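Student: Numbering (the working numbering), first residue to last: 35 to 1039.
The beta carbon of each residue, even a glycine, is placed where N, CA and C say it ideally should be.
Quick caveat: nothing in here was measured; it's all calculated off a predicted structure.
Structure in structure tokens, see below.
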């Protein structure tokens, strides 16, 4: 059967086109039920049970569930449960879900692909008995609801007529709909219909726990009195933005003050401050909101007081906001209030449940692990079990009458404090894809044994005879770069950077390519690595291991002794690394004059040239910054931290970095020349001058002027800021400078002007990422572009699609940022594990003087912390001890003791575990000793010696004797437990982090 849709369309030129669309209808589409004797089984292998067991007592007979769109959109956590089976999903509903929520659609597709769930898709849009044309004046939503009711009625009649004998039992149809009007009309047709909540509240005893997973979006609160201002409608918001009376932007909540946040508005340099509960008006971190600016007389300054919502359950009432510090008009910032929500960015949140004061109550407060997220009110009957668990909760709604948003329980992760559970929390909270690779992805891997064939060699340059070696951290398995250097007959030096040819194994558009694009980067935790590509590639076939033949993409220069490029060429190659060295091994070879083999000669040439390259970059204005860098030693069996110390840099670290930078610049120039509109590049914006204020102020109080008008002047100023009596002073200044930087981002060349390509931190006019394709998807795209440039591979439409790749860049930037945050959170977790049941006295330096605190840095560990000198309300912390803050001089004085930025102090480190949700490292002052405030020195005082003076970046080398934490010991520990080092370090181009990268200056490289 064929139906036609005819409509007229006006073209841009004013012509009228008659469009005819044909819609085919059939009568042989299978219903999917094993109880049916009329239909011929279709291609879909899903078979609904003949007589499914009922889940709900509301409908005690055997039945199938037929869902409307809203149930799927808002009850997906319930639908993913194994108890919900034998479900019919209409094609109409599937299309509407796809249109309204890509995330829910993806989850639904995963359920449909699980045979055990028995979710059957019925193509009602093409069945002659269930299809319905849209009626005049009928909305698309009303038409879809009518289609759903038609299909439910057809199923009911179809299964009844096809059951055979009259007395034979048959399954019925139950329509689940969260639309009251749709349910009412269904009941009028004689159908069984109810809401998801009604269905589950009448569930059998064994399924009673599933009630917790019902979305609370339609729940009505006990109090009808509004607590918050109402939000403007979408129409009002649109009109306000059009009239410039309103502005829109992303809301960023404060970690330190739950009553404060900012909204970043495009085109406005400084974010708009939002302060106070009424002005925040139910905005949650990440939401896109509409704001109204307050009159300048009502502008506020950011609060310098830490405020945490610590009440257990105050009910649906709001107390007046605390009085924020009133500052001079000059220090106040543009302030506004939220008047509407344009788009919610809610996700699932990890955290813990607070115990209720009311015995047997089902209402509980959920405290998210992320401090920027408000507490969430949920209902659960499993509180006794969940109080000791980390759980996941989703927000459903935030009505005006509720102090907190309302949500529902999703699932439990595991015991609070368990390392496995806390690692899972880190990955979930930072949106790190960490599921096992699917069968579709694994099917894209090459078959083993994999060998290089003669055909492969014909298409590549054979470099197996060259003295190529890799230099990496110890324990590195994903080796994606190697180098060589040799003298040419003309006296110049040939230098090659050889990068793993990952793009050979990951072809555009296949399942592995899509998965790698989604993951975007490998994520390094202290004791784990979440690979971007399957291990067979990352640690085997693509890893440039010593003594094994591998495919590579080579960048080869001819340089003179001053590292000036005479010629550069790129080609696909086959290499055989002569040796896989660690930084320490390579450094020993370079320093040992007795070693004159080919590897030693190559390394010395590379090291010599790298120093010239680095000096030239520095002379051009490249920044040499610093970050706290630490490494853990972990037990090889338990992976618990048993020691931690700062990491030292060697010349070989810099050697590898320089050639990776050079390769990235050379490749960027090549791909931008060939593809000026669609080259994937990386830029580092110049920071606004107000970003430098903390650095300038801190240096000025020490008698130094930091000039920030250009990268060159900043680098020179930092080089000159040296204090002979404080060897760590310059390093701390560089740490502060790092924090003033913007983040480097990927972009497509055709979307920006040429002068915006500049990479501020590296002082490079153009830059990209080419050297780490095993762990960065951006490098794979760059490899494909470069291969097309040299004719080694062909282009494809998506590679040259500017809009598509701009969206890809947004995902790459987001995933990279989340990976860094996850790495930092992993370091914090292992820090807490290390300091459980132990305390240490260590040398520290003051970074900042605050009104109520001293912020200090411990070089040995790279930790930062706060020593509070006043209480919450600025009262004296301890009787008889009074600190006086001098804002002009930036000092804190207590009696004769004066604290200034960069002063050395001794602090005690210990862990405060009283708050299981937010354990924190506590810093207490040991020296200088202040009676009634400082704590006495402990027996490990020897560990607090100041770091020795070193040229460049001094780091402490003396550590106390290693001792195992009693809590971390296993009952049966071998006499000689192996220890392996897990480094935490900044990203250096072309070098694989063996565990995790946490340092700030990686953001702009």
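1) For residue 908, I'd like the list of residues in its chain whose CB is within less than 6 Å of its CB, leaving aside the five on either flank, ordered along the chain.
2) Assign residue 525 to one of two classes, buried (16 or more other C-beta atoms within 10 Å of its C-beta) or exposed (fewer than that).
3) Is residue 802 helix, strand or coil when you go by DSSP?
4) Taking all protein chains shown into account, decide if residue 653 is buried (16 or more other Cβ within 10 angstroms of its Cβ) or exposed.
5) Using a threshold of 8 Å, state whether the C-beta atoms of residue 807 and residue 514 are closer than that.
6) DSSP on residue 576, reduced to helix/strand/coil?
7) Output needed for residue 234: all residues of its chain with C-beta closer than 6 Å, excluding positions within five of it in sequence on either side, in chain order.
8) Using alpha carbons as the reference points, say which of 207, 204, 849, 163 lies closest to residue 565.
9) At a cut-off of 7 Å, is residue 49 close to the ligand ADP when judged by its beta-carbon and the heavy atoms of the ligand?
10) Helix, strand or coil: which one does DSSP assign to residue 563?
11) Taking contact to mean at least 3 C-beta pairs separated by less than 8 Å, is the stretch 622–636 in contact with the stretch 566–585?
12) Have a look at residue 617 and residue 509 and give me their C-alpha separation to the nearest angstrom.
13) Please report the straight-line C-alpha distance between residue 417 and residue 476, rounded to a whole angstrom.
14) Might you give, ordered along the chain, the residues of its own chain that have their beta carbon closer than 6 Å to the beta carbon of residue 367, omitting 5 neighbours on each side?
15) In the DSSP assignment, find the beta strand (DSSP E) that holds residue 568 and state where it starts and stops.
16) On a Cα-Cα basis, can you pick out the residue from 347, 754, 746 that is closest to residue 736?
17) Starting from residue 219 and walking both ways along the alpha helix (DSSP H), at which residues does that stretch end?
18) Going by beta-carbon coordinates alone, are residue 522 and residue 530 separated by less than 8 Å?
19) Quick one: give me the first and last residue of the alpha helix (DSSP H) that residue 188 is part of.
20) Can at least three beta-carbon pairs, one atom from the stretch 455–462 and one from the stretch 859–873, be found at a separation below 8 Å?
21) Throw me the rounded Cβ distance for the residue 941 and residue 876 pair, which I believe falls under 8 Å.
22) Identify the residues that DSSP records as bridge partners of residue 781: which are they?
23) For the beta strand (DSSP E) that contains residue 307, what are its first and last residues?
24) Could you check which residue in 139, 94, 88 has the C-alpha nearest to that of residue 109?
25) Counting pairs of beta carbons, one from the stretch 342–354 and one from the stretch 370–386, are three or more of them closer than 8 Å?
26) Exposed or buried, what is residue 997 when buried is set at 16 or more other beta-carbons lying within 10 Å of its beta-carbon?
27) Consult DSSP for residue 829 and reduce its assignment to one of helix, strand or coil.
28) Exposed or buried, residue 837, counting other C-beta atoms within 10 Å across all chains shown (16 or more means buried)?
29) Apply the 10 Å Cβ neighbour rule to residue 58 and answer buried if 16 or more other Cβ atoms are within range, or exposed otherwise.
30) What's the C-alpha gap between residue 1007 and residue 967?
31) So for residue 555, helix, strand or coil by DSSP?
32) To which residues of the same chain is residue 188 closer than 6 Å at the C-beta, ignoring the five residues directly before and after it?
33) Ignore the nearest five residues each way along the sequence and tell me which others in residue 217's own chain have a CB closer than 6 Å to its CB.
34) Once DSSP output is grouped into helix, strand and coil, what is the label at residue 515?
35) Extract the residue ranges of the alpha helix (DSSP H) inside the stretch 753–781, only unbroken runs of 4 or more that lie entirely within it.
36) Would you kindly work out how many angstroms separate the C-alpha atoms of residue 310 and residue 829, rounded to a whole number?
Tutor: Reading from the atomic positions:
1) Below a pLDDT of 50, predicted positions are generally treated as unreliable, and residue 908, at 46, falls in that range; the measurement from the model is reported next regardless. Same-chain partners within the cutoff: there are none.
2) exposed
3) coil
4) So residue 653 counts as exposed.
5) yes
6) coil
7) 244, 245, 248
8) 849
9) Judged by which ligands are present, the structure shown has none, so any question about the ligand ADP falls away.
10) Strand.
11) no
12) In a straight line, the C-alpha of residue 617 is about 11 Å away from that of residue 509.
13) Cα to Cα, the separation comes out at about 40 Å.
14) 307
15) Counting along the chain, residue 568 falls outside any beta strand (DSSP E), and DSSP gives it neither H nor E.
16) 754
17) Unbroken alpha helix (DSSP H) run through residue 219: 214–222.
18) no
19) 174–195
20) yes
21) For a cut-off of 8 Å, the C-beta gap from residue 941 to residue 876 is around 6 Å, short enough to register as a contact.
22) 715
23) Run containing residue 307: 306–309, per the beta strand (DSSP E) assignment.
24) 139
25) no
26) At residue 997, the pLDDT of 36 sits below 50, so the modelled position is not reliable; the number obtained from the coordinates is stated separately. Answer is exposed; the Cβ neighbour count stays below 16.
27) Coil, per DSSP.
28) exposed
29) exposed
30) The pLDDT assigned to residue 1007 is 31, lower than 50, so where the model puts this residue is not dependable, and the model offers no usable value.
31) strand
32) 163, 164
33) 211, 227
34) strand
35) Assignment of alpha helix (DSSP H) within the stretch 753–781, counting only whole runs of 4 or more residues, yields 763–772 in chain order.
36) In this structure, the straight-line span from the alpha carbon of residue 310 to that of residue 829 is close to 54 Å.
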